[in-house]
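Shown next, in structure tokens, is the structure this report addresses.
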Amino acid sequence: MFRDFLFFISEACIGMRRSGIMIFISIATIAVSLIVFGIFLLITVNMNNLADFISSKLELRVFLKHNLSTEELQILQRRIATMTDVKQVVYIDHETAWKQFQDNFKTMDLSDLLEQNPLPDSFRIYLEKNDQIPVLARYLRSFPEVEEVSYQGAIAHRIELFSKFTRVAGLTLVILLTIATLLITVNTIRLTVIARQNEITIMHLVGATHTFIQWPFIIEGLIIGISGASIAVIVIKFFYLFFSIRFQTAIPYVPLVFDSLTLNLIYGFVALMGACLGVLGAYISVSKSLKASI
Amino acid sequence: MIRIKNLKKVHANGFIALDEINLHVEKDEFVYLVGPSGAGKSTLLNMLFRADIPTTGEIYINNFSLNNITIRQIPLLRRSIGVIFQDYKLLPRRTVYENVAFALRVLHVERAHIKRQVTQVLELVGLQQKMNHLPSQLSGGEQQRICIARAIVNNPPILLADEPTGSLDPDTSWEIMQLLSKINSRQTTVIVATHNKAIVDDIRKRVVGMEKGRIVRDRQLGMYDDV
Numbered sequence: 000m001f002r003d004f005l006f007f008i009s010e011a012c013i014g015m016r017r018s019g020i021m022i023f024i025s026i027a028t029i030a031v032s033l034i035v036f037g038i039f040l041l042i043t044v045n046m047n048n049l050a051d052f053i054s055s056k057l058e059l060r061v062f063l064k065h066n067l068s069t070e071e072l073q074i075l076q077r078r079i080a081t082m083t084d085v086k087q088v089v090y091i092d093h094e095t096a097w098k099q100f101q102d103n104f105k106t107m108d109l110s111d112l113l114e115q116n117p118l119p120d121s122f123r124i125y126l127e128k129n130d131q132i133p134v135l136a137r138y139l140r141s142f143p144e145v146e147e148v149s150y151q152g153a154i155a156h157r158i159e160l161f162s163k164f165t166r167v168a169g170l171t172l173v174i175l176l177t178i179a180t181l182l183i184t185v186n187t188i189r190l191t192v193i194a195r196q197n198e199i200t201i202m203h204l205v206g207a208t209h210t211f212i213q214w215p216f217i218i219e220g221l222i223i224g225i226s227g228a229s230i231a232v233i234v235i236k237f238f239y240l241f242f243s244i245r246f247q248t249a250i251p252y253v254p255l256v257f258d259s260l261t262l263n264l265i266y267g268f269v270a271l272m273g274a275c276l277g278v279l280g281a282y283i284s285v286s287k288s289l290k291a292s293i
Numbered sequence: 000m001i002r003i004k005n006l007k008k009v010h011a012n013g014f015i016a017l018d019e020i021n022l023h024v025e026k027d028e029f030v031y032l033v034g035p036s037g038a039g040k041s042t043l044l045n046m047l048f049r050a051d052i053p054t055t056g057e058i059y060i061n062n063f064s065l066n067n068i069t070i071r072q073i074p075l076l077r078r079s080i081g082v083i084f085q086d087y088k089l090l091p092r093r094t095v096y097e098n099v100a101f102a103l104r105v106l107h108v109e110r111a112h113i114k115r116q117v118t119q120v121l122e123l124v125g126l127q128q129k130m131n132h133l134p135s136q137l138s139g140g141e142q143q144r145i146c147i148a149r150a151i152v153n154n155p156p157i158l159l160a161d162e163p164t165g166s167l168d169p170d171t172s173w174e175i176m177q178l179l180s181k182i183n184s185r186q187t188t189v190i191v192a193t194h195n196k197a198i199v200d201d202i203r204k205r206v207v208g209m210e211k212g213r214i215v216r217d218r219q220l221g222m223y224d225d226v
């Protein structure tokens, strides 16, 4: 078995050396396909990240009635904090709120208009999921301690839609690009197989089994796939580094994914995809040729 | 060894390539299949190593019934049959040695054994001095010898030759036929499809004549034009 495996590797190397230009074209095609795939993957991940970021900034504002005791406030805060999907509840007393208001509108002199602080105590509630905001708002309005609940309903809804869209569109694009890359890989490797159809026929005629004929081509496909993927990963890595730094400098408030684990997972996925596509492409191509030469 | 019963091959366009073929070839026999082009000689040979499939009829080769053979068994059948092609079917970018060794590699034979066997068979066909040449560097006769060496290197019990002298000059043709006769004397059943009258008449063996897809005569020590 080990002897056969060495033979398959040596046959794969001989095959690759003898059809150098075709192999080069195959590697280049796979690299280009995977670069497009990888860039779309990075864009999708960043869009999702952006949607999550915007979501995390959304808040529910609960304005409280004036006459609540500290104990009542603490009980209510604890109660809200234990509700499903509530990430954080921050208490803002009416004095802090008034100070923040005045800071935000420094240019306006409000002292003439308002003699005393009109703002009530309030809670800022941050949620895990935006789609729960309207439900929770309705529920909180029914509390006797609550005067009013406000949230950016339309924005929350749009962001939720955008978030869903980026996930669905991203997944669809990734699937479509995977299929497209597979088709390109199959057809490119098929050209190298067709160029050696005569060899396959002769192997058949001297009694070689399908497996025996397939293995060198599959190893070739693996090498082609890994080579193409390696080029793609290097290009994507530089592309991302180059553009993300420029993008971040130009628009600093939009967060990009710089987490090395996520990025390495993406690069690893592209490399794995290259290897799988190479093997699958070679398998499909050589199987077609085997059927043709029986 | 080889039994063919009521074999018929009708092509998709309705052309009858083989019609009611019945043939029995014993172990160690040497048989010429003769007849004009289009008589069905090559089609019949192709049926024997499963390069073509009959429309009806039965073929038995050693332990194989070709009617019931599975795809997995086809390589096993082909390993028991050496085939010599008129167009040689050599791997152009591999040396003489590699072309012959290839037939043993597919049988998972050990490297040292391959070397010994290939060297022996190349000596038999007279190409031991040219084992590192590419086929394109050799003459037609020499390429046919590579093809013969590849066909017999694993000592198959049956050797099929489709017009082995078709593109060779008379002297080289004579040498190739002498070689096939020598292989036959080493207990290999040999079937040669040819329309080389001179050779059939000089090296007298069993002659099976074909015309329009049918066997029209079958003579021991026959001649090309026997009636």
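As they're listed, the protein sequences go chains X and C.
Numbering-wise (numbering that gives the first Met the number 0), the first sequence opens with residue 0 and increments by one.
Numbering-wise (numbering that gives the first Met the number 0), the second sequence opens with residue 0 and increments by one.
Every residue, glycine too, gets a C-beta built ideally from N, C-alpha and C.
As the structure is a computational prediction, the values presented were derived from the model and not from experiment.
Please list, in chain order, all residues of the same chain as I230/X whose beta carbon is under 6 Å from its beta carbon, the five residues on each side excluded. A30
Where do the ends of the alpha helix (DSSP H) carrying L220/C lie? That residue, L220/C, is in no alpha helix (DSSP H); it is neither H nor E in DSSP.
Minimum Cβ-Cβ distance from F6/X to chain C less than 8 Å: yes
Could you tell me whether any Cβ in chain C is nearer than 8 Å to the Cβ of T208/X? yes
Is the region 100-111 of chain C touching the region 129-144 of chain C, taking contact as three or more C-beta pairs under 8 Å? no
Against chain X, with Cβ distances strictly below 8 Å, would F101/C count as a contact? yes
Below 8 Å on C-beta distance, what does I217/X contact in chain C? In chain order: nothing, as chain C lies at least about 16 Å away.
So, with DSSP's three-state summary, where would you put H10/C? coil
How is E57/C classed by DSSP in three states: helix, strand or coil? strand
For S231/C, which three-state DSSP category applies? It is not possible to answer for residue 231/C, since the shown part of chain C is limited to 0 through 226.
Quick one: what does DSSP say Q87/X is sitting in, helix, strand or coil? strand
Which value, in whole angstroms, describes the spacing of the CA atoms of L72/X and D102/X? 26 Å
Starting from I161/C, trace the beta strand (DSSP E) in both directions and tell me its first and last residue. Reading off the sequence, residue 161/C comes out as Asp, not Ile. Per DSSP, D161/C belongs to the beta strand (DSSP E) from I157 to D161.
DSSP on M141/C, reduced to helix/strand/coil? The question names Met, but residue 141/C in the sequence shown is Glu. Helix, per DSSP.
I53/X versus L175/X, Q151/X and V269/X, residue with shortest Cα-Cα distance: Q151/X
Cα-Cα separation between T171/X and I42/X, rounded to whole angstroms: 13 Å
Write down the C-beta distance between Y223/C and K196/C rounded to the nearest angstrom, noting that I regard them as a contact closer than 8 Å. 4 Å
Rounded separation between F211/X and R77/C - CA only: 14 Å
Segment contact, 8 Å Cβ cut-off, at least three pairs: the region 14-23 of chain C with the region 61-79 of chain X: no
Applying the 10 Å Cβ sphere with the 16-neighbour rule, what's the burial state of L28/X? In the sequence as displayed, the identity of residue 28/X is Thr instead of Leu. Buried, because 16 or more other Cβ atoms sit within 10 Å of the Cβ of T28/X.
Chain C contact for F23/X (CB, 8 Å cutoff): no
Output the boundary residues of the alpha helix (DSSP H) element that contains R203/C. No alpha helix (DSSP H) contains R203/C, which DSSP labels as neither H nor E.
At a CB distance below 7 Å, what residues from the region 131-147 of chain C approach chain X? Give them in sequence order. none
Tell me, to the nearest whole angstrom, how far the beta carbon of V206/C is from that of V33/C; I am working on the premise that it is less than 8 Å. 6 Å
Can a CB atom of chain X be found closer than 8 Å to the CB of L43/C? no
Buried or exposed (CB count within 10 angstroms, at least 16 for buried), E94/X: exposed
Can you check whether the CB of P119/X is closer than 8 Å to the CB of L63/X? yes
Chain D partners of L90/C, CB-CB under 7 Å? Of the protein chains in the structure, X and C, none is chain D.
For V205/X, which three-state DSSP category applies? coil
Are the CB atoms of I20/C and G56/C nearer to each other than 8 Å? yes
Closest to N154/C by C-alpha separation, out of L126/C, A102/C and L22/C, would be which residue? A102/C
Can you list, in chain order, the residues of the region 153-165 of chain C whose Cβ is nearer than 7 Å to any Cβ on chain X? none
Cβ-Cβ separation, Y266/X to I235/X (assumed contact under 8 Å), whole Å: 7 Å
Against chain C, with Cβ distances strictly below 8 Å, would A285/X count as a contact? The sequence given here has Val at residue 285/X, not Ala. Output row for V285/X: interface = no.
Paired residues, beta bridge with S149/X - DSSP: R60/X
In whole angstroms, what is the alpha-carbon distance linking V278/X and N131/C? 33 Å
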